[in-house]
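Those letters in the sequence shown? Residues 0 to 119, per numbering that gives the first Met the number 0, in order.
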Amino acid sequence: MPPVILNPDDIYTFHMPTSIPNYITLGEAVGEVCAKDFCKDNISGKILLIKAADPGFDWIFSCNIKGFITAYGGANSHMAIRAGELGIPAAIGVGEKIFEKLSSAKKIRIDCANKKIEEL
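So this is what it looks like as structure tokens:
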């Protein structure tokens, strides 16, 4: 289903709009991507891709991650606030299109000051 339904015909044909990420901090992070099977042993020094992060993911902040990206969420979400408190570069709520594209990346750069995410 589309994220916003304005009329009944929207359920039959629609396109997924490109989301505008919320960049947290003005920092930059470059690193290998970890998109699946998160555990304390394999995320240190990496940039995490988390589809929908909730407070249950708070443990990642004790694992020396370089940054993270979520498909969903906003600037006032728990993960955004924690990233800001700890100075960890993050892109929150990038949307499904960008998230799926980044899921196959091996290494990425999050440049929060310039509002950019790029595959390396």
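Note that beta-carbon positions come from the ideal geometry of N, C-alpha and C, so glycine has one too.
Sub-8 Å separation of residue i and residue j beta-carbons
i: K50; j: Y71; result: yes
i: F98; j: M78; result: no
i: A138; j: V32; result: With the chain represented from 0 up to 119, any question about residue 138 goes unanswered, as that position is not in the structure.
i: P20; j: G83; result: no
Residue span of the alpha helix (DSSP H) that contains residue i, given as start and end
i: F98; result: G94 to L101
i: I68; result: I68 -> not in any alpha helix (DSSP H); beta strand (DSSP E) instead, spanning G66 to T69.
i: A90; result: Taken as a continuous stretch (DSSP letters only), A90 belongs to no alpha helix (DSSP H), being part of the beta strand (DSSP E) at A89 to I91.
i: I42; result: It is not in any alpha helix (DSSP H) - I42 carries neither H nor E in the DSSP assignment.
i: I23; result: Where I23 is concerned, there is no enclosing alpha helix (DSSP H), although the beta strand (DSSP E) it sits in stretches over N21 to I23.
i: A79; result: H77 to L85
Distance between residue j and residue i (C-alpha atoms, nearest Å)
i: S43; j: I87; result: 13 Å
i: D110; j: L119; result: 12 Å
i: I23; j: A52; result: 15 Å
i: K106; j: K39; result: 19 Å
i: G94; j: A34; result: 15 Å
Residue range of the beta strand (DSSP E) that includes residue i
i: I116; result: K115 to E118
DSSP bridge partner residues for residue i (one or two, in chain order)
i: S106; result: Looking at the sequence itself, residue 106 is Lys, so the reference to Ser does not match. The partner list for K106 (beta bridge, DSSP) reads E31.
i: I49; result: T69
Practice item. Could you say if the segment 55 to 73 and the segment 5 to 12 meet the contact criterion of at least three C-beta pairs nearer than 8 Å? Key: no
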